[in-house]
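J.:
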Amino acid sequence: MIENMNELRSFIVVAQTGSFTKAAARLGVSTSALSHAMRKLEEQLKIKLFNRTTRSVATTEAGEQLFKKLFPLFESIEDNVNALSTFRDTLNGTLRINGADHSFLYAIWDKLLAFMQKYPEVKLELTSDMKFADIVAGRFDAGIRLGKEVDQDMIAVRISEDMQMALVATPQYLEKHGTPKSINDLTKHQCLCVRMPTSEGLFVWEFRSPKTKELIKFTPSGRLIVNNNFLVKKACLSHLGLALIPKDRVAEELKTGEVVEILSNHAIHYEGYHLYYPNRRQNSPLFKALVEELRV
1 MIENMNELRS FIVVAQTGSF TKAAARLGVS TSALSHAMRK LEEQLKIKLF NRTTRSVATT
61 EAGEQLFKKL FPLFESIEDN VNALSTFRDT LNGTLRINGA DHSFLYAIWD KLLAFMQKYP
121 EVKLELTSDM KFADIVAGRF DAGIRLGKEV DQDMIAVRIS EDMQMALVAT PQYLEKHGTP
181 KSINDLTKHQ CLCVRMPTSE GLFVWEFRSP KTKELIKFTP SGRLIVNNNF LVKKACLSHL
241 GLALIPKDRV AEELKTGEVV EILSNHAIHY EGYHLYYPNR RQNSPLFKAL VEELRV
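Anchor point for the sequence shown: position 13 equals 13 in the UniProt record's numbering, and the numbering is continuous, going up by one each time.
(1) So residue 326 is in the beta strand (DSSP E); what residue range does that whole segment cover?
(2) In the DSSP assignment, find the unbroken beta strand (DSSP E) run with T94 in it and report its ends.
(3) Given a cut-off of 8 Å, decide if L294 and I183 are closer than it, judged by their beta-carbon atoms.
(4) Given this structure, state the Cα-to-Cα distance separating C193 from T219, to the nearest angstrom.
(5) Using 8 Å as the cut-off, can you tell me whether the stretch 142–150 makes contact with the stretch 273–281, which would need three or more C-beta pairs spanning the two stretches below that distance?
(6) State the Cα-Cα distance for the pair Q44 and V291, rounded to the nearest angstrom.
(7) So who's on the other strand from V250, going by DSSP bridges?
(8) Skipping 5 residues on each side, what residues in its chain have a beta carbon closer than 6 Å to that of N217?
(9) Near F71, which residues of its chain fall below 7 Å by C-beta distance, leaving aside the five closest residues on each side in sequence?
(10) Between which residues of its own chain and N228 is the CB-CB distance below 8 Å, once the five residues before and five after are set aside?
(11) Have a look at T170 and L224 and give me their C-alpha separation to the nearest angstrom.
(12) Can you give me the Cβ contacts of S19 inside the same chain, cut-off strictly under 7 Å, excluding the 5 residues immediately before and after it?
(13) Would you call the CB atoms of M116 and L124 closer than 8 Å?
(14) Is the distance from the Cβ of Q16 to the Cβ of R139 below 8 Å?
(15) Taking 8 Å as the limit between beta carbons, can you name the residues of its chain near L254, skipping five residues before and five after?
(16) Do E64 and K40 come within 8 Å of each other at the CB atom, strictly closer than that value?
(17) For T59, name the three-state secondary structure that DSSP assigns.
(18) Evaluate H269 with the Cβ neighbour count: other Cβ atoms within 10 Å of its Cβ, from every protein chain shown; 16 or more gives buried, anything less gives exposed.
(19) Could you tell me if A251 is buried or exposed, where buried requires 16 or more neighbouring beta carbons within 10 angstroms of its beta carbon?
(20) Does the distance from the C-beta atom of V122 to that of N92 stay below 8 Å?
(21) Contact check, N279 vs D110 under 8 Å by CB: the rounded distance?
(22) Taking Cβ to Cβ, would you say L240 is nearer than 8 Å to Q190?
(23) Check whether the Cβ atoms of L49 and T60 lie closer than 8 Å to each other.
(24) Taking the beta carbon of L286 as the centre, do at least 16 other beta carbons fall within 10 Å, making it buried, or is it exposed?
(25) Going by the DSSP bridge assignment, what does R195 pair with across the sheet?
(26) Which same chain residues, not among the five before or five after L34, have their C-beta less than 8 Å away from its C-beta?
(27) Using the Cα positions of H266 and R96, report the straight-line distance between them to the nearest angstrom.
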């Protein structure tokens with residue numbers, strides 16, 4: 001018999017964060033108190049729930065099984081409690097969303113702001129990540145990515161218009177190195193490369209033939225390799241080379257002439273961002289409100 005149900009809630013948070021320190025901060029208790037509570041829970045269940053090291057904590061096989069059973073139950077309890085807030089014309093609760101920085105900053109920021117203003121008691125935790133995250137393993141409520149292809153047990157809802165790409169450089173760079181007139185000319189230039197966090201390969205540049213509409217792939221090369229578009233933009237504005245970047249990231253610089261677009265007739269666009277989430281989340285009033293605010 002579990003003496004304190006709060007220990008089960010604490011167990012879920014530790015399993016989610018993989019850290020007693022992070023879990024304690026989220027729960028508002030001391031690390032030592034949380035660790036003691038988890039040992040007490042293990043003693044009551046007579047099962048080891050966590051493998052502990054000096055740097056991390058991970059669920060055992062039994063702990064992971066318990067987490068998978070309990071998490072949907074506690075999630076359902078929270079949803080039902082949060083649903084009561086509709087009787088006072090508001091919603092509360094916390095939503096954790098994972099996505100690329102571009103999706104948050106340029107695609108849906110105004111929508112998120114409107115959502116928070118509409119529901120002042122709701123907390124949003126946004127995690128910016130270049131790599132494609134497993135939102136279930138990462139304990140996120142939802143993720144954001146381009147396109148609508150998701151796993152079978154996921155739902156995808158479009159939340160932005162198509163993402164237009166642009167090949168850009170500063171006038172200073174082009175004055176010194178010349179302006180590319182074709183895709184083949186790019187081999188003669190310094191290309192600002194992005195190392196992809198998941199595959200660890202370089203981001204392959206894609207263009208569209210203005211005549212045949214066929215996809216053209218080009219593997220860039222250059223002296224500088226970075227792992228995010230903030231550094232790509234910074235390097236481009238520092239006259240270090242050509243950058244293939246979402247056009248809205250350099251919209252102001254294009255207007256002022258700080259950068260110019262190259263081979264615009266070859267520019268490609270990608271299907272817009274989609275919010276994807278486990279199908280069990282669709283019954284949550286709080287999550288429904290978020291989806292309705294973000295969808296296009």
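Positions of the beta carbon are idealized from the N, C-alpha and C atoms, including for glycine. No experiment lies behind these values; they were computed from the predicted model shown.
T.: Taking the definition as stated:
(1) Residue 326 lies beyond the residue range present for the chain, which begins at 1 and ends at 296; the question has no answer from this structure.
(2) Taking the first residue of the sequence shown as 1, we reach residue 94 at position 94. Note, T94: beta strand (DSSP E), N92 to G99.
(3) For the purposes of this step, residue 183 is taken as residue 183 along the sequence shown, with counting starting at 1. For the purposes of this step, residue 294 is taken as residue 294 along the sequence shown, with counting starting at 1. The answer is no: Cβ separation not under 8 Å.
(4) The count along the sequence shown starts at 1 and reaches residue 193 at position 193. The count along the sequence shown starts at 1 and reaches residue 219 at position 219. Distance between the alpha carbons of C193 and T219: 9 Å.
(5) yes
(6) Here the question's residue 44 lines up with position 44 in the sequence shown. Here the question's residue 291 lines up with position 291 in the sequence shown. Going by the C-alpha atoms only, they are around 40 Å apart.
(7) Here residue 250 corresponds to residue number 250 of the sequence shown, with the count starting at 1. Answer by DSSP bridge pairing: none, since V250 is not bridged.
(8) Indexing the sequence shown from 1 puts residue 217 at position 217. A small fix is needed here, since residue 217 is Lys in this sequence, not Asn. Excluding residues within five positions, the ones whose Cβ falls inside 6 Å are V204 and E206.
(9) Numbered from its first residue, the sequence shown carries residue 71 at position 71. Answer for F71: I12, listed in chain order.
(10) In the sequence shown, the residue the question calls residue 228 occupies position 228. For N228, where only same-chain residues beyond five positions count, the Cβ hits under 8 Å are D101, M130 and V194.
(11) Against the sequence shown, residue 170 aligns to sequence position 170. Against the sequence shown, residue 224 aligns to sequence position 224. Cα-Cα distance, rounded: 16 Å.
(12) Locating residue 19 in the sequence shown gives position 19, counting from the first residue. S56 and V57, listed in sequence order.
(13) Your numbering for residue 116 matches position 116 in the sequence shown. Your numbering for residue 124 matches position 124 in the sequence shown. The answer is yes: Cβ separation under 8 Å.
(14) As a working mapping, residue 16 is identified with position 16 in the sequence shown. As a working mapping, residue 139 is identified with position 139 in the sequence shown. Cβ distance < 8 Å, so Q16 and R139 count as in contact.
(15) Here residue 254 refers to the residue found at position 254 of the sequence shown. Answer for L254: A166, V168, K247, V260 and E261, listed in chain order.
(16) Within the sequence shown, numbered from 1, the residue matching residue 40 stands at position 40. Within the sequence shown, numbered from 1, the residue matching residue 64 stands at position 64. Against a cut-off of 8 Å, the Cβ pair of E64 and K40 comes out as no contact.
(17) For the purposes of this step, residue 59 is taken as the residue at position 59 of the sequence shown. Looking at T59 - three-state DSSP - the assignment turns out to be strand.
(18) As a working mapping, residue 269 is identified with position 269 in the sequence shown. By the 10 Å Cβ count, H269 comes out exposed.
(19) On the sequence shown, residue 251 is found 251 positions in, with the first residue counted as 1. A251 should be labelled exposed.
(20) In the sequence shown, counting from the first residue as 1, residue 122 sits at position 122. In the sequence shown, counting from the first residue as 1, residue 92 sits at position 92. Contact flag set, yes.
(21) If you number the sequence shown from 1, residue 279 lands on position 279. If you number the sequence shown from 1, residue 110 lands on position 110. About 28 Å separates the two Cβ atoms, so there is no contact after all.
(22) Counting from one through the sequence shown, the residue named residue 240 turns up at place 240. Counting from one through the sequence shown, the residue named residue 190 turns up at place 190. It is a contact, given that the beta carbons lie within the stated cut-off.
(23) Locating residue 49 in the sequence shown gives position 49, counting from the first residue. Locating residue 60 in the sequence shown gives position 60, counting from the first residue. Yes, these two residues count as a Cβ contact at 8 Å.
(24) The residue given as residue 286 occupies position 286 in the sequence shown. Flag for L286 reads buried.
(25) For the purposes of this step, residue 195 is identified with residue 195 of the sequence shown, where counting begins at 1. Its beta-bridge partners are L202.
(26) Position 34 of the sequence shown, counted from the first residue, corresponds to residue 34. So the list reads S10, V14, F20, A23, A24 and L27, once near-sequence residues are dropped.
(27) As a first step, residue 266 must be located in the sequence shown, where it is residue number 266. As a first step, residue 96 must be located in the sequence shown, where it is residue number 96. Whole-angstrom Cα-Cα distance: 37 Å.
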